[in-house]
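Chemist: Dumping the structure here so I can ask a few things about it.
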């Protein structure tokens, strides 16, 4: 039986570390983030797990008994001034399953929120992160080297752990939806069919920095104007190429020198798009390349495109997915639905080495990555009961 009262108590205790308004400010490798990792290791010991922390801050609590085992978890660092459930819910859910006597290992992956890199913790645990990548990594906003942050956090020199996929029947991650589909439909749970793939690009326009008063309109090579034309072309062309659930975003725009009396000489945009279908992602990649090439050909500014990162779409493992559906049918009384995840998660990387599946619980107002993020407690309780039931069913199946 899941101790739902203790599950909720653990969530509320964890949210006090780095508390900000009704949310949490606990960015990767900050003192509050490290306090939360040590708090987690103490809770792991209490439920009978053997905890360890590796050189990137990944925390793994291993079940001491014989297998087979399930791996359950998420992350516990946050975006700046963000919510109390994003990531933390999945980790504390793992503690609840371990406390109930299930043979689970619990993991808190480091830097899922990409302060220093793309899923550094989960990718490191499956052997995808090199020392060279760690050497080169910098904070996405203020530029602090990752090596310096690791040293300040007391992690310098510690070895990086590596998961043994053969130990596990699979990976389960409980997460808030971070959207409004469940709430708008009046539903209380979502069984994730798959996680969107993401393509991330850097678009750069290079013009000529100049005086806003002395430079005629005919002479100008305005890099910001060139970039706005590219973004307008994207919004005009992408709807002809997308799938049913495709989304795209210009999430970061840097204008140089960004002064009121200077014509911008350089503008950089970070642009991404997401879909569950790799064929759609390929088609949009080709479309973006054509748009940028056309802009470069006809504009006064030089416009270039550079791939930054990509993560493949990950479909839910059929057996784990079926177990979650069965548990949702037993506990949610029809108030659930299958649904894709537009947000990306560590489960996407675990799916490369073991079966993986996810369960969603509603986000009030669809809000996440903000301190007002919240979920009804009765929905949190329902979610942990569904997850625990599904895990128990998976242990009853033959390996």
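Numbering (this note's numbering), first residue to last: 25 to 423. Ideal Cβ placement from N, Cα and C applies to all residues, glycine included.
1) Per DSSP, residue 192 forms a beta bridge with which residues?
2) How is the alpha helix (DSSP H) around residue 272 delimited, first residue to last?
3) CB-CB under 6 Å to residue 290, same chain, minus the five flanking residues each way: which ones, in chain order?
4) What ranges does the beta strand (DSSP E) occupy inside the stretch 286 to 372, keeping only unbroken runs of at least 3 residues that lie completely in it?
5) Does DSSP put residue 199 in a helix, in a strand, or in coil?
6) Give me the DSSP bridge partner(s) of residue 86.
7) Between the stretch 81 to 99 and the stretch 108 to 115, are three or more C-beta pairs nearer than 8 Å?
8) Helix, strand or coil for residue 25, going by three-state DSSP, please let me know.
9) If you draw a straight line from the C-alpha of residue 35 to the C-alpha of residue 273, how long is it?
10) Answer yes or no: does any C-beta atom of chain D fall closer than 8 Å to that of residue 151?
11) If we call anything under 8 Å between Cβ atoms a contact, is residue 406 one with residue 356?
12) If residue 19 sits next to residue 386, beta carbons under 8 Å apart, how far is it from one beta carbon to the other, in whole angstroms?
13) Go to residue 383, then tell me how far its beta strand (DSSP E) extends in each direction, as first and last residue.
14) CB residue 12 to CB residue 219, shorter than 8 Å?
15) Take residue 292 as the anchor and find which of 369, 225 and 48 has the nearest alpha-carbon.
16) Decide if residue 111 is buried, meaning its Cβ has at least 16 other Cβ atoms within 10 Å, or exposed.
17) Determine, using beta carbons only, whether residue 131 and residue 94 come nearer to each other than 8 Å.
18) Short check: CB of residue 316 to CB of residue 266, under 8 Å?
19) Please state whether the Cβ-Cβ distance between residue 381 and residue 344 is less than 8 Å.
20) At what residue ranges does the stretch 200 to 266 contain a whole run of the alpha helix (DSSP H), taking only runs of 4 or more?
21) Are residue 268 and residue 182 touching if we call contact CB-CB under 8 Å?
22) Just curious, the beta strand (DSSP E) that residue 413 is in, first and last residue?
23) Assign residue 398 to one of three DSSP states: helix, strand, or coil.
24) Nearest to residue 173 by alpha carbon, out of 119, 363 and 141?
25) Would you identify the three-state DSSP class for residue 44, choosing helix, strand or coil?
26) When you compare the stretch 155 to 173 with the stretch 56 to 66, are there three or more beta-carbon pairs, one atom per stretch, that lie closer than 8 Å?
27) Give the C-beta separation of residue 200 and residue 120 to the nearest angstrom, bearing in mind that I take them to be a contact with Cβ-Cβ under 8 Å.
28) Looking only at DSSP bridge pairs, what is residue 56 linked to?
29) Do you know how far the Cα of residue 28 is from the Cα of residue 408?
30) Measure from the alpha carbon of residue 43 to the alpha carbon of each residue in 33, 57, 30 and 365, then state which is nearest.
31) By how many angstroms is the C-alpha of residue 177 removed from the C-alpha of residue 54?
32) Around the C-beta of residue 323, are 16 or more other C-beta atoms found within 10 angstroms, so that it is buried, or is it exposed?
33) Take the Cβ of residue 104 as the centre, count every other Cβ of all protein chains shown within 10 Å, and call the residue buried at 16 or more, exposed below.
34) Just to confirm, is the Cβ distance from residue 367 to residue 413 under 8 Å?
Modeler: In brief:
1) Translated into positions along the chain shown, residue 192 becomes position 168. DSSP lists 93 as partners of residue 192.
2) Within the chain shown, residue 272 is the residue found at index 248, counting from 1. For residue 272, no alpha helix (DSSP H) run applies; the uninterrupted beta strand (DSSP E) run containing it begins and ends at 271 to 280, by DSSP.
3) Locating residue 290 in the chain shown gives position 266, counting from the first residue. Counting only Cβ-Cβ distances below 6 Å, and skipping sequence neighbours, we find 230, 247 and 280.
4) 290 to 299, 326 to 335 and 360 to 365
5) Here residue 199 is taken as the residue at index 175 of the chain shown, counted from 1. Strand, per DSSP.
6) Position 62 of the chain shown, counted from the start, is the residue given in the question as residue 86. DSSP lists 74 as partners of residue 86.
7) yes
8) Locating residue 25 in the chain shown gives position 1, counting from the first residue. Residue 25: coil per DSSP, three-state reduction.
9) Start at 1 with the first residue of the chain shown, and residue 35 comes out as number 11. Start at 1 with the first residue of the chain shown, and residue 273 comes out as number 249. One C-alpha to the other measures close to 32 Å.
10) Here there is only one protein chain, and chain D is not present.
11) Numbered from 1 along the chain shown, position 382 holds the residue referred to as residue 406. Numbered from 1 along the chain shown, position 332 holds the residue referred to as residue 356. In this structure, residue 356 lies closer than 8 Å to residue 406 by Cβ.
12) Look at the range of the chain in this structure, 25 to 423, and you will see that residue 19 is not part of it.
13) The residue labelled residue 383 in the question sits at position 359 within the chain shown. Per DSSP, residue 383 belongs to the beta strand (DSSP E) from 380 to 385.
14) With the chain covering 25 to 423 only, the question about residue 12 has no answer from this structure.
15) Translated into the one-based positions of the chain shown, residue 292 becomes position 268. For residue 292, the nearest C-alpha among the options comes from 225.
16) Working through the chain shown from its first residue, we reach residue 111 at position 87. Burial call: buried.
17) For the purposes of this step, residue 131 is identified with residue 107 of the chain shown, where counting begins at 1. For the purposes of this step, residue 94 is identified with residue 70 of the chain shown, where counting begins at 1. No, the Cβ-Cβ distance between residue 131 and residue 94 is not below 8 Å.
18) Within the chain shown, residue 316 is the residue found at index 292, counting from 1. Within the chain shown, residue 266 is the residue found at index 242, counting from 1. Their beta carbons are not under 8 Å apart, which means residue 316 does not touch residue 266 by this criterion.
19) In the chain shown, residue 381 corresponds to position 357, counting from 1. In the chain shown, residue 344 corresponds to position 320, counting from 1. Yes. Within cutoff.
20) 205 to 209 and 247 to 261
21) As a first step, residue 268 is located in the chain shown; it is residue number 244 there, counting from the start. As a first step, residue 182 is located in the chain shown; it is residue number 158 there, counting from the start. No, the Cβ-Cβ distance between residue 268 and residue 182 is not below 8 Å.
22) Against the chain shown, residue 413 aligns to sequence position 389. Note, residue 413: premise wrong, no beta strand (DSSP E); alpha helix (DSSP H) at 401 to 420.
23) Along the chain shown, one-based indexing puts residue 398 at 374. In this structure, residue 398 counts as coil in the three-state DSSP scheme.
24) Start at 1 with the first residue of the chain shown, and residue 173 comes out as number 149. Comparing alpha-carbon positions, the option among 119, 363 and 141 lying closest to residue 173 turns out to be 141.
25) As a position in the chain shown, residue 44 is number 20, starting the count at 1. Reduced to three states, the DSSP call for residue 44 is strand.
26) Contact fails between the stretch 155 to 173 and the stretch 56 to 66, because fewer than three Cβ pairs, one in each stretch, are under 8 Å apart.
27) Sequence index remark: in the chain shown, residue 200 carries index 176 (1-based). Sequence index remark: in the chain shown, residue 120 carries index 96 (1-based). Not quite, the Cβ-Cβ distance comes to about 16 Å (not below 8 Å), so this is no contact.
28) Locating residue 56 in the chain shown gives position 32, counting from the first residue. Residue 56 pairs with nothing; no bridge assigned.
29) The count along the chain shown starts at 1 and reaches residue 408 at position 384. The count along the chain shown starts at 1 and reaches residue 28 at position 4. Take the alpha-carbon of residue 408 and the one of residue 28: they are about 8 Å apart.
30) The residue labelled residue 43 in the question sits at position 19 within the chain shown. It is 57 whose Cα lies nearest to the Cα of residue 43.
31) Taking the chain shown and counting its residues from 1, one reaches residue 54 at position 30. Taking the chain shown and counting its residues from 1, one reaches residue 177 at position 153. Approximately 7 Å, taken between the alpha carbons.
32) For the purposes of this step, residue 323 is taken as residue 299 along the chain shown, with counting starting at 1. By the 10 Å Cβ count, residue 323 comes out buried.
33) For this step, residue 104 is matched to residue 80 along the chain shown. Label assigned to residue 104: exposed.
34) Position 343 of the chain shown holds residue 367. Position 389 of the chain shown holds residue 413. In this structure, residue 413 does not lie closer than 8 Å to residue 367 by Cβ.
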